Each structure stands twice: as structure tokens, then as C-alpha cells.
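*Asks:*
Listed below in C-alpha cells is the structure:
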């Protein structure tokens, strides 16, 4: 039995979910930027975006997260632990690459010490993914062994109907099933065809890349210096990446009151690894770019058995100098061997 | 011979004669309408240069790459008039030696490319008047006027909405030829003047501080605006500052290499109508 | 009933002229509004725009920046440099929506105690009419809730 | 929450050398202390902090045989260490840890021990030294080679005197040429040179080596000439850290996370890392 969610029933679903205590998040284009924001009704959503500029990761690992509030008085320091709110949320209209990014980051936030900020939100959310029927020149999910219909990280998969009226509902996890059972009265059973998936070409051979990266001599290769020449060292690729997870911890406030925060940080920044002594293990842009690629396609795999890239292509799409993972990995696959 | 072929062969001969060690230009990008910076070290590589109306980036930001010019050798670079302005400012601020730069100048007007006369920085001192006459794009002008017509409360709200998008990736800073400080004010932590967190307050501080540091130094190339991954209209704020120094001090950043930086100089009869 | 609004005003002053002027106002027993908090600096040239921003963030409803008259600077030209910077910074703040009436500039010499007292009174009055500068101050409060989803 | 530190009370502060201080800290809460007692092993590190300034990473300088207090020794150089250096007894600071791996000192039992340290790197070595000296009977000969730039820069001066007086410890002290004072009785010369002169036997010996990168490089070569195999040489690495628990992504050397898989490595492991990333 295939269930169908018609677009004109989406408002009813949103109301039901909201009444059940969920906040509904969806891609919203506002002030020329697409990001996952809370919506009240279907018309708030911008579901026709290939990808919003910002990823769903932002809602689980925010750019700045208050952790501890402290008050310092003469003889005493009072602290208060700040935790994410208990709200449950439905993340609606996530793309398969963004959803996969969440699952890719789970082991990192969970190995040994569990990052409660991440997992509290993960446990309170249901990811409703919509398969891609359109792609652009930067999409590369197929190159990293995912696809416009991969279910990795999703609780529910929606497939757009070819008539454009709605989606076919495919529940993947118990959590997703429960969410859509709660709106079953708004779903219909009619037979309908799903639209054709986006055709995303394979842009590089990831096995070849991984093999090259695993070779110890590659670390010192001239390749890194050449490819990173034009990198200007901003953090836009890392901050817009659905899997990048590096952060900084900063105390912010005045002498007596303040908040300790967890802020995004980027391996592209020179200060990221700078020691107080002035020694910097990664002191050039090429070493920093190498770290990013190695981390994603070698180190991360070694630790968690998966590449830290879900193929969304934002790194290239938003890069001020038209760099990105695709080009670097293409160049690696084209290296003479 | 088109300008692309002309500059390819000129870059090739500069490289093969050893006059320059490197030419910074444009190559094909990842899509048909994208151009990416290309660094050529040999005459052969120079054949990959592309020059057309899509080459709008200001490449002068690469000239201050750490260590690039420390060997005293020359570098060739493709520049539009706004890039030449940037170079003039950098020279005026003693960040660049004029004799280390060979300019392959071009202008884009209505989608048509023209080559600019002259190769050395000094050659372009003669086109000051031309640079001075560069007007703001009408769209930018209109947006600024629209903002100025608002009440302060509305304007504050406008910028609050815009700055709340900022993620502090510092793409604006990194793309900007004028942001060459080895240690930016946000990286200074004793004391921490600018909050590093990218909440709206921290973003407000950062963007105001950057705009202030660029006042009278901005070449209006639009690199920050194009680099911004979340589309904050930074061009408006920088263009407004450019207008201010022009109106208040008749100062046009980058019109020559021997200008005194506007905020590092003064005149005894500067306007002071607002001072009580 | 809530308390009537009492504006907070932060004055960044140079030690050679305006601070001495404020001192004179005190020793001359001139009465002026108690809303002002004076921050003394070596010269107006030392007054970074960041000071003004921080003051507004931390709850100031208006800021006064004041120093020696042109030509009287203890360091010869500090106030000329400052004047240019203020012109630009004022335009910048105005363009980002921080009302010009909240940032005031003046020249007050060591002999102008009366001018200092009058100015503080008038700024206090003006700011009282403008009301608290909540728009900027609110940013300080929303940072605690921002991103707590 | 995993990023919440333990509050610690400063018991005492001792200046070791110009700009180098040792803090002795006690736990404010018993449950934190119990956690520390159960988990701390020599070689581990922690994040020491002060609210309003941040956190900074250095080793626990006290041995695993003495868990009543935490001692830490650090050079005053940045925002956090600058503030920590100015605390007084009774002040509250914070500690997060212990994190990382350890020196496998049970495996050292029945062997000769050679400790080599340079400058401010004595604190991590000291933790191992005392862990072993407190159970002296389990180990055979103990040699300590310690050098600093100048006599003033030697840290733990009172403990150096203790070790000197003990007849079950051989202490070799040295300062760099030019760093000696007129009444300096010990060696003058760089650590690798002095080490080779002292010529400890590599037979059945474990070496523990801590110091600045340049010293490590030359001392490893000296050890190799003396016949030590890299598997029997232990050292510690350090990198900038923010989380200490393998998440913030900055402390890795190649694929190795210093905070999780380190900070203690054998020389053989260090040699296998990409050297350019160190």
C-alpha cells in the first residue's frame, strides 16, 4: 500500500503536528537566503529549492550554542548549565544529502563521550526527506555513493508525484511511521506515479581518490600546494557543509557575567591550530586544505567507516573562488599513477 | 586578435622572458558562466587564460599572499579598473611595491571588453580622472537611497535581518584586497573587542567594525558582496562609506599611489557641523 | 507604576580639556544631570569607535564624545584625526540605523565648565525624549536565546 | 554535559621559574574527586580554565600515586594562562578531564627507567617519575636527565634537590651553554649531548622523553645512537585543543587525534605520523 500526501493536505498535517507539540522546520527563503526555519503553514516553505544555502545541520549543531552561564562574585562562582529546549521537531523537506550528513556526524558526536547537545536534538526530531527531481552543476551525491533517493539519515522519504500534486510517503523508521500515522486521516491511497529522479552524474571516482589519499607519499605531494593556491582561507565551505563539525569554545561576557559558548570553527582558518607559542602545525593554506580533504576522505573513514561528505556540493556552489571538493577530487582522480 | 589571445600571448612572453615569475589571471570555471583564478608560471600555462565579460573578480587580493612578493620578483596580474584602484590603495598604504606588479588591464562595458593602455602601475596614474568618474552601479545607488529614506528604526531592522544571517565565515574579509592584516581585530583576544560568536550582536559588531576599517579604503570591487555565502548586501554599506569620504573630504580612494589614507590624515578645515 | 525613564549617558572625554572642564564644573559647584558616566582617555584620538559600540550595547542610551578644541590638542593633532573618524563613523552608524541623536560630539576646553554642565543637561533632556535605546540593547538579551533550538 | 568542568579550589601557588607557576588544586565536590581518583592515570591531561577567560590544555603534573590534589605547571603566555598565573589560594578555577591515554607504567616494571626532559616539559615527566618513585621497588635503575635554557628556567628546583640526594636515582642536570651561573655545579650543554655523555645503557631500559619539538628531534637521534629502539622510547605530543574529547577537530596529526589516542606515544608511533603535520 502506498500512501500519498497531497500538497493541499500539508497544512492539515502541519496543524496536527504542531498541536502534538512539534515545531515544523522547513526550507524557507528569506532575505535572499534559504535556511531551515520554523513554519506555520505550507506556503511558508520553499520546497522548490534544489538546496537551501544553509544545511539542516544548523538546527542540530547551531553556529553558536550557549553552554554554561556563569556569574562571578567576590567569593563565589555560580554556574548554570544551558541545555537545548525539549521541543520536538519535524524537519520537513530535507534533501537526502543533508539528511545523510546528520547520520555521518552521529558517530563523531557519540564516540566515547556523548555530546548531549547534538543527541538531545537528534532524539527529538523526525527527518522527513524529499527525493530530488532536480539537480544542478554542483550536486555530487552519486560520486560519494549516495543518491537523490538515498534514505541515509531519513525517518520518512517523500517522493514527488509526477503530476506535482503531492508526494508518495515511504516511512523508514518507527519514528517516521509514528509521525505519519498521526496524520493518516490526511493521507490518501490513490495510485499515482512518482516523478523521475534527478540525474546526477558521477563526477569523480571516490575509490581512486581514497586509495591515493591513503598512500603515505600523497601527504607531502606538490599537488596540495598547486590546488590550494587560490584558496583565500575563508570558512564558507566548512560552515555550509552538512558534515563539518569543528568548533571552538569561547567565554563571552563582561567581568562578572557571561556565557561559555560552543561556536563553529573552521580548519581553513590559520588560527584554528595556532599554538600560543606561535607554532602552527598547519601554517599554510595548502596544509589546511589538505587537512580538510584528508579528514573527509581518509581520517574520518578510518575512525568511523564512512566518508565525511554527503555530496551536496555547497562547498563549490558557494565558494568565492570556485574551489571545492569536486574539483579537488576530480584532480586527484586525474593524477598520473 | 581578440583581447583574450592578445593577453595570453603577452602573459606567455612575460613569463618566458623571465620578466615576471607568475601571472595571475582567470581560467575556465566549474560551470560555463564561472571563471576561476588561474596562476600561470610558464608560457604554456598562459594559454589556459580566459578573458571575457565573466571575469569580474578582483584578483589583487592574491598579491598579498604571504611570501608571494618577498623575493622581490615581479608578478603579472589581470585587473579591471577597480583592481587598479585596489593596487593604488595598497601601494599608498605601503603594502606593495609598484615595481613588482605588471598590470594586464581591461575594462568591461556593456559586456564588451577593452584592453587598457599601460603595463606598469605608473602608467595608470594618468587615468585617475577615469577612475574618479567610475560611478556606482544604479542598482546600488537606488538601494542606498531606499535605505536612507527609511526611519532609523526601520534601517536598524533591515540590517538586523541581514546581519542575523551572518555565520562569521569571514569570506568578506578573506576576499577583500584591503583586509590584509595578519592579525584581524576579531582574532585579538586580549581584550576581546569583537565577540567571536555569530549571534546577531556579534555579527553587528563585526560588520560595523569591518565597514569602518574599510571606510575610505574600499575600491568598490564588490568582492565581499559576491563572496558572502548568505547574501548580505555588503556593497551597500561600503559604497555608502565611500560616498561619505568623497562628500566630506573630497577623497576618492585609489585614484593615485601617493594619496594619504583618508583616516590617517586631516585638514584643519575639515567639516565639523555636527560637533557641538 | 514603573519608574520614570532615566537615560544612561556615557561620555568619553580627553583628560586635558573636557575632563578638566568637567572638573571645573564640579569645583564651581554647577549642578548638572547625574545621568552621565565619564570615561577619561588620554586624547580624543584614542577614542576608538569600538568604545562607542560597546557603550551602546551595554546599556547606554546616548554617548558623548568630547575633547579639546581644534588647535588645542595636547598631542598637536589628535583631535583633528578624531574629527575625521567621527564624521565617517557617525555616517556609518546612521546608515545602520543607530540614530545620530544618540551619538553626540563636542569640543569643551578646560575653561568651559559651564558648557559641560549645560551640554550634559541638554543631552539628558534630549535622550529622555528619545526614550531608551532598546533596539540595540535587545540584541544583548536575545543572544542568550538565539540558537537554542 | 560533557563540556562542564569541575570547580577546583586553589590550595597554593608556587613560582617555579620566571613566568612558570605551579598550582595545587583541590576538588570542591566529592563526586568529582571520586571520578578523578577512579580515572586518572599518569600521562593524562586536562583542560584548566577560569570562567570568563576560557580553557587551556596541559598535563596533570602530579603522579597517579597521589590523587588528593591536582598539580599543574604552566608557562604564562596567553589569555587563560595569564589569568591562571594571577590566582590566589582559595580562588576557584576549573578542571575538565582527565583525558587522553597514559604511560603504561606496569609494563615498565622490572626495567631500568630513563627520563629525559627539557625546560617546561618536566611537568609531564614528573608525573611519571613520581608514579614510579612512589613504588620504587618495582623498577630497577632510575636515571633522570633534565635540561633547561638557564639555571633560572629549571622547574621544580626543590624536587631536583630531593632527587639529587636520593641514592636510588641518578640525576643529570644541564643548562644550555651561556645559561649557567658562576656557582653552577652541574653540566653545561644541550640535552642530547649530555645524554650521550651520560651514556645510559639501552638494555632492558624504557626511556620517557618530553621536550620542545627541536629537542625531541635531536634527542631521538641520540637515543638511537645509544642503541634504544623506538618502541622503548615514550614521548608526549601536544596540540591546540578545545574539547579534549575528540570532537572539535583541531588536534590531529595525520589521522591521529592527540586528545584521544595520545598524548602519550612511543617514538615508533610518532615516526609513523606525517612529520609535516607535527
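Protein chains in written order, with this note's numbering: chain A, 21 to 357; chain B, 69 to 344; chain C, -18 to 130; chain D, 2 to 279. Glycine included, every Cβ here is placed at the ideal spot set by N, Cα and C. Note that this is a predicted model, so its numbers are computed, not measured.
#1: Count the other CB atoms, across all protein chains shown, that sit within 10 Å of the CB of residue 7/C; report buried if there are 16 or more and exposed otherwise.
#2: Name the residue from 191/D, 81/D, 40/D, 74/D whose alpha carbon lies nearest to the alpha carbon of residue 50/D.
#3: Please confirm if the stretch 176 to 183 of chain D is in contact with the stretch 101 to 110 of chain D, defined as three or more CB-CB distances below 8 angstroms between the two stretches.
#4: With residue 28/C and residue 22/C assumed to form a contact (beta carbons below 8 angstroms), what rounded beta-carbon distance in angstroms separates them?
#5: Report the rounded CA-to-CA distance for residue 60/C versus residue 146/B, giving the unit in angstroms.
#6: How about the stretch 149 to 169 of chain D and the stretch 233 to 250 of chain D: do they share at least three Cβ pairs that are nearer than 8 angstroms?
#7: Residues of chain D with CB closer than 7 angstroms to the CB of residue 257/B, please, in chain order.
#8: On the premise that residue 75/B lies in contact with residue 119/B, defined as a C-beta separation below 8 angstroms, what is that separation, rounded to the nearest angstrom?
#9: Tell me which residues share the same chain as residue -18/C and place their Cβ nearer than 7 angstroms to its Cβ, disregarding the 5 neighbours each side in the sequence.
#10: Identify the contact partners of residue 265/A in chain D, using a Cβ-Cβ distance below 9 angstroms as the criterion.
#11: First and last residue of the beta strand (DSSP E) that includes residue 8/D?
#12: Name, in chain order, the residues that DSSP records as bridge partners for residue 91/A.
#13: Considering just the uninterrupted stretch of the beta strand (DSSP E) at residue 70/B, what are its terminal residues?
#14: Kindly indicate the opening and closing residues of the alpha helix (DSSP H) around residue 244/B.
#15: Verify whether the separation of the beta carbon atoms of residue 133/C and residue 87/C is less than 8 angstroms.
#16: With DSSP as the reference, label residue 72/D as helix, strand or coil.
#17: Which residue spans inside the stretch 57 to 107 of chain C form an unbroken alpha helix (DSSP H) run of at least 4?
#18: Could you give the uninterrupted runs of the alpha helix (DSSP H) lying entirely in the stretch 93 to 142 of chain D, keeping only those of 4 residues or more?
#19: Considering just the uninterrupted stretch of the alpha helix (DSSP H) at residue 230/A, what are its terminal residues?
#20: Residues of chain B with a CB under 8 angstroms from the CB of residue 87/C: which are they?
#21: Quick one: does residue 2/D have its CB under 8 angstroms from some CB of chain A?
#22: Which residue's Cα is closest to the Cα of residue 291/D: 23/A, 97/A, 130/A, 43/A?
#23: Going along chain A in order, which residues have a C-beta closer than 8 angstroms to the C-beta of residue 98/B?
#24: Using the Cα positions of residue 198/A and residue 33/A, report the straight-line distance between them to the nearest angstrom.
#25: Does any CB atom of chain D fall closer than 8 angstroms to the CB of residue 306/A?
#26: Is any beta-carbon of chain C found at less than 8 angstroms from that of residue 223/B?
#27: Near residue 243/B, which residues of its chain fall below 7 angstroms by C-beta distance, leaving aside the five closest residues on each side in sequence?
#28: Does DSSP put residue 260/B in a helix, in a strand, or in coil?
#29: So, are the CB atoms of residue 75/A and residue 260/A less than 8 angstroms apart?
#30: List, in order along the chain, the chain A residues whose C-beta lies closer than 9 angstroms to that of residue 125/C?
#31: Flag this pair as yes or no: are the beta carbons of residue 23/D and residue 17/D separated by less than 8 angstroms?
#32: Please list, in chain order, the residues of the stretch 63 to 93 of chain C that have any C-beta partner in chain B closer than 8 angstroms.
#33: Taking the alpha-carbon of residue 119/C as reference, which of 166/B, 168/B, 269/B, 258/B has the nearest alpha-carbon?
#34: Along chain A, which residues have their Cβ under 7 angstroms away from the Cβ of residue 230/D?
#35: According to DSSP, is residue 335/B helix, strand or coil?
#36: Assuming residue 362/B contacts residue 78/C (C-beta within less than 8 angstroms), just tell me the rounded distance between them.
*Replies:* In brief:
#1: exposed
#2: 81/D
#3: no
#4: 6 angstroms
#5: 41 angstroms
#6: no
#7: 80
#8: 6 angstroms
#9: In this prediction, residue -18/C scores a pLDDT of 48, lower than 50, which makes its location untrustworthy; no coordinate-derived value is stated.
#10: 248, 249, 250
#11: 7 to 18
#12: 98/A, 277/A
#13: Careful: residue 70/B lies outside any beta strand (DSSP E) and carries neither H nor E.
#14: Run containing residue 244/B: none; DSSP gives neither H nor E here.
#15: Nothing about residue 133/C can be read from this structure; chain C reaches only from -18 to 130.
#16: strand
#17: 59 to 76
#18: 123 to 134
#19: 226 to 234
#20: 343, 344
#21: yes
#22: For chain D, the structure presents residues 2 to 279; residue 291/D sits outside this window and is missing.
#23: 157, 158, 336, 342, 344, 346, 347
#24: 13 angstroms
#25: no
#26: yes
#27: 129, 291, 292, 295
#28: coil
#29: yes
#30: 86, 89, 102, 279
#31: yes
#32: 64, 65, 66, 67, 68, 69, 70, 71, 72, 73, 74, 75, 76, 77, 78, 79, 80, 81, 85, 86, 87, 88
#33: 269/B
#34: Within chain A, no residue comes near residue 230/D; the closest Cβ sits about 21 angstroms away, beyond 7 angstroms.
#35: coil
#36: Because chain B spans 69 through 344 in this model, residue 362/B falls outside it and cannot be assessed.
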